[in-house]
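Chains as they are written, first to last, in our numbering: chain A, 1070 to 1317; chain B, 53 to 477. Every residue, glycine too, gets a C-beta built ideally from N, C-alpha and C. Note that the coordinates shown come from a computational prediction; the quantities given were computed from them, not determined experimentally. Below: one structure, written as structure tokens.
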């Protein structure tokens, strides 16, 4: 699914080259749930940006779904982002003036699909937000905003979901709700997920944890017993978010 | 992103900042309104000139007294008051044997006088002329009748009033058969009573003046009653002879042969008269209005500058908007927006502002022009005519301004690095 070979990334601060990644080799199998951990400045965000086709590596090759991404230009990368990748951010990154349903339609705007509205409604209902369709971000709680953001990345049916500290802006209970949603997307829909976090409790939901330090992978461990969500499979995804008080 | 979605997105972005969007639009609205209105007034004054030339009648030659100074026609018209023409000159020109191509001849004398009727009085131009005048000048009586041959031979005290003069003196009542008193000379010492026999049709202003503000009386009546107009030879002078030529092709021939005749009759080496064609008279009039037309054009150009200033305002706001929405741009790029998508989005926003502003400006400009048309502003009677060209030009310029000033901010937006944009605070 994902194959990184000898990936390096060097930023330039003035004339001084600052290496962010120094030879990353990483394979992610289809249906895997991977956590990327590491201290600040270890290069985990840079790695996620490259995985998400937001950035090109300085050297090395990146294959996504059989496609050699590292050889593509900016416009082609935009198309890949739209077709293959879904992003979830720490700060949700919803657009202030749009109601929830239009937030979710956003990625579909850049891909000419019919019945956008129906797909967006379905994604929101799947995440238990059927009664929040017309709400703007300021009218939603943090957990609801993050669920809108997840709906936004699910609506395109991505091969890969990339989450950058998705629980970082949420309280612990809501954070666990969100993680259970990810876990169920992974288990029930077989979506590959890569998640950056610095919390062990969050990483505990993943099958596998990769540690980064100074731009290199220092450990790569399988998690034989990922933290299980206790919910039954037939419940809708959003019902995991029941512990959170929502604002009207 | 499809163009419909792009437009919808632009509208929603503009609607999110209503005050800012409308203030930005205001610059364009004012510019377009001003350009359309000023162009309409310029066009209107041009049309006024054209109409006044047409109003003179057609295929006309004007013979006026004066020195032969072909290079200085103006002096002949305004300064040539040597009174060298007499009414027998006019009779000679109307000889059908000698000048078969002449259709009509109308000699005239005009002077200022005061008219009194009932409780009203007015100052106007009194024209002494012959029955041919109507036909020669294409200017006919509307009610009653014009001066007849009989009136001429009896030197009758009869008058035909211009449309406005009749209204001023008699209001809505019919002046035909009533009497008006004409006062002439120093302090209006000499007075005559005229019987009104007709009222002219309304005509408006032509190149020779306001044709509704006149009174016609028979030429011999004027010559007989006002002795100061007699020359030393005892012949009766006229100020102008209008000659109507049947065919345009005979124009040059008529001009030459009439000149020969007059030279013979006056027995002079150096011409003491000037023959002007209708076009030459019109040109003099046109030269007069050209100054005001240049003025209107200059004002329209200044309005055009205000459009450009409005465009700079748009660029300024768009640059601010791109900075403010850096994060939105990052999100959109992460969702798969290409550079082209972002470029189009911001360009369409700028275009929406200028096109909406342009549209409102067109409506306001057309409305203002229609309101101004026919009114007197600053003692100038304003004619305004909105042309399709002006509308297309003003609207087109505002679209071009939107493109020109919108492209740079939109280009900036499209080139933002998505990672940096996503982390923009």
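Environment of residue i [buried if 16+ CB atoms lie within 10 Å]
i, result
"residue 1115 of chain A", "buried"
"residue 241 of chain B", "exposed"
"residue 423 of chain B", "exposed"
"residue 1073 of chain A", "buried"
"residue 374 of chain B", "buried"
"residue 1171 of chain A", "buried"
"residue 131 of chain B", "At residue 131 of chain B, the pLDDT of 44 sits below 50, so the modelled position is not reliable and the matter cannot be decided from this model."
"residue 172 of chain B", "exposed"
"residue 458 of chain B", "buried"
"residue 1274 of chain A", "buried"
"residue 409 of chain B", "buried"
"residue 1078 of chain A", "buried"
"residue 66 of chain B", "buried"
"residue 192 of chain B", "exposed"
"residue 1317 of chain A", "Legend: pLDDT at residue 1317 of chain A = 43, less than 50; position of this residue unreliable, no value from coordinates given."
"residue 1147 of chain A", "buried"
"residue 136 of chain B", "buried"
"residue 1199 of chain A", "exposed"
"residue 1112 of chain A", "buried"
"residue 312 of chain B", "exposed"
"residue 1181 of chain A", "exposed"
"residue 296 of chain B", "buried"
"residue 1311 of chain A", "Note on residue 1311 of chain A: pLDDT 49, under 50, position unreliable in the model; the coordinate value appears next. The residue is exposed, with fewer than 16 neighbouring Cβ atoms inside 10 Å."
"residue 126 of chain B", "Any answer about residue 126 of chain B is weak, because its pLDDT of 43 lies below 50 and its placement is not dependable; what the coordinates show is given next. Result: exposed."
"residue 1124 of chain A", "buried"
"residue 320 of chain B", "exposed"
CB-CB length for residue i against residue j, believed under 8 angstroms
i, j, result
"residue 270 of chain B", "residue 230 of chain B", "In fact, because the Cβ distance is near 18 angstroms, the residues do not count as touching under 8 angstroms."
"residue 314 of chain B", "residue 449 of chain B", "With a Cβ gap of about 56 angstroms, residue 314 of chain B and residue 449 of chain B do not count as contacting."
"residue 250 of chain B", "residue 195 of chain B", "6 angstroms"
"residue 159 of chain B", "residue 182 of chain B", "6 angstroms"
"residue 116 of chain B", "residue 292 of chain B", "5 angstroms"
"residue 252 of chain B", "residue 214 of chain B", "5 angstroms"
"residue 456 of chain B", "residue 362 of chain B", "About 12 angstroms separates the two Cβ atoms, so there is no contact after all."
"residue 235 of chain B", "residue 169 of chain B", "Incorrect: roughly 12 angstroms between the Cβ atoms, too far for contact."
"residue 476 of chain B", "residue 379 of chain B", "5 angstroms"
"residue 204 of chain B", "residue 254 of chain B", "Between residue 254 of chain B and residue 204 of chain B the Cβ distance is about 25 angstroms, and since that is not below 8 angstroms, they are no contact."
Minimum C-alpha distance to residue i - residue among the options
i, options, result
"residue 1249 of chain A", "A:1169, A:1271, A:1082, A:1164", "A:1271"
"residue 1192 of chain A", "A:1275, A:1255, A:1220", "A:1220"
"residue 247 of chain B", "B:210, B:354, B:263", "B:210"
"residue 1169 of chain A", "A:1160, A:1128, A:1123, A:1217", "A:1217"
"residue 1098 of chain A", "A:1291, A:1296, A:1297", "A:1291"
"residue 1108 of chain A", "A:1288, A:1295, A:1283", "A:1283"
"residue 1102 of chain A", "A:1156, A:1255, A:1178", "A:1255"
"residue 1130 of chain A", "A:1257, A:1123, A:1092", "A:1092"
"residue 1094 of chain A", "A:1126, A:1081, A:1200", "A:1126"
"residue 446 of chain B", "B:146, B:301, B:407, B:461", "B:407"
"residue 453 of chain B", "B:83, B:55, B:58, B:381", "B:83"
"residue 1178 of chain A", "A:1141, A:1207, A:1222", "A:1222"
"residue 148 of chain B", "B:321, B:310, B:165", "B:310"
"residue 332 of chain B", "B:226, B:201, B:157, B:114", "B:114"
"residue 1197 of chain A", "A:1247, A:1175, A:1176", "A:1247"
"residue 1090 of chain A", "A:1206, A:1142, A:1286, A:1229", "A:1286"
"residue 1117 of chain A", "A:1239, A:1085, A:1259, A:1076", "A:1076"
"residue 1136 of chain A", "A:1144, A:1269, A:1204, A:1153", "A:1153"
"residue 460 of chain B", "B:403, B:441, B:290", "B:403"
"residue 276 of chain B", "B:290, B:349, B:118, B:441", "B:290"
"residue 91 of chain B", "B:427, B:140, B:352", "B:352"
"residue 1351 of chain A", "A:1280, A:1295, A:1296, A:1206", "Absent from the model: residue 1351 of chain A. The displayed extent of chain A is 1070 to 1317, so no value can be given."
"residue 201 of chain B", "B:212, B:184, B:301, B:217", "B:184"
Report task. Using a Cβ-Cβ cut-off of less than 8 angstroms, give me the residues of the stretch 1175 to 1190 of chain A that come near chain B, in sequence order. Result -> Along the stretch 1175 to 1190 of chain A, going in chain order, the ones with a CB nearer than 8 angstroms to a CB of chain B are 1175, 1176, 1178, 1179, 1180, 1181.
Q) Does the pairing of the stretch 79 to 88 of chain B with the stretch 413 to 422 of chain B give three or more beta-carbon distances under 8 angstroms? A) yes
Given 8 angstroms, three or more beta-carbon pairs between the stretch 1218 to 1238 of chain A and the stretch 1265 to 1283 of chain A = yes
Members of the stretch 372 to 403 of chain B near chain A, C-beta cut-off 8 angstroms: Of all residues in the stretch 372 to 403 of chain B, only 379, 380, 382, 383, 384, 385, 386, 387, 388, 389, 390, 391, 392, 393 come within less than 8 angstroms of chain A when Cβ atoms are compared, listed by chain position.
Could you tell me whether the stretch 297 to 313 of chain B touches the stretch 151 to 159 of chain B, using the rule of 3 or more Cβ pairs below 8 angstroms? Cβ pair count under 8 angstroms is three or more, so yes.
Segment contact, 8 angstroms Cβ cut-off, at least three pairs: the stretch 362 to 382 of chain B with the stretch 1205 to 1216 of chain A: Under the 8 angstroms Cβ criterion, the stretch 362 to 382 of chain B does not count as touching the stretch 1205 to 1216 of chain A, having fewer than three qualifying pairs.
* Asked: In chain order, what residues of the stretch 463 to 477 of chain B put their CB closer than 8 angstroms to some CB of chain A?
  -> Taking a C-beta cut-off of 8 angstroms against chain A, the contacting residues of the stretch 463 to 477 of chain B are 470, 471, 474, listed in chain order.
Exercise. Evaluate the contact criterion for the stretch 435 to 448 of chain B versus the stretch 380 to 396 of chain B: three or more CB pairs, one atom per stretch, below 8 angstroms.
Key: no
### Query
If contact means a Cβ-Cβ distance below 8 angstroms, which residues of the stretch 1095 to 1126 of chain A contact chain B?
1118, 1121, 1123, 1124
Review point. Touching or not, the stretch 1147 to 1164 of chain A and the stretch 1186 to 1203 of chain A, by the rule of three or more beta carbon pairs under 8 angstroms?
Key: With a cut-off of 8 angstroms, the stretch 1186 to 1203 of chain A and the stretch 1147 to 1164 of chain A do not count as touching, because too few Cβ pairs lie within range.
Contacting positions in the stretch 68 to 79 of chain B - beta carbon closer than 7 angstroms to chain A:
68
Stretch-stretch touch, CB-based, cutoff 8 angstroms, three pairs: the stretch 392 to 404 of chain B with the stretch 458 to 471 of chain B: yes
### Contact list for the stretch 1271 to 1303 of chain A against chain B, Cβ threshold 9 angstroms
Residues passing the 9 angstroms Cβ filter: none.
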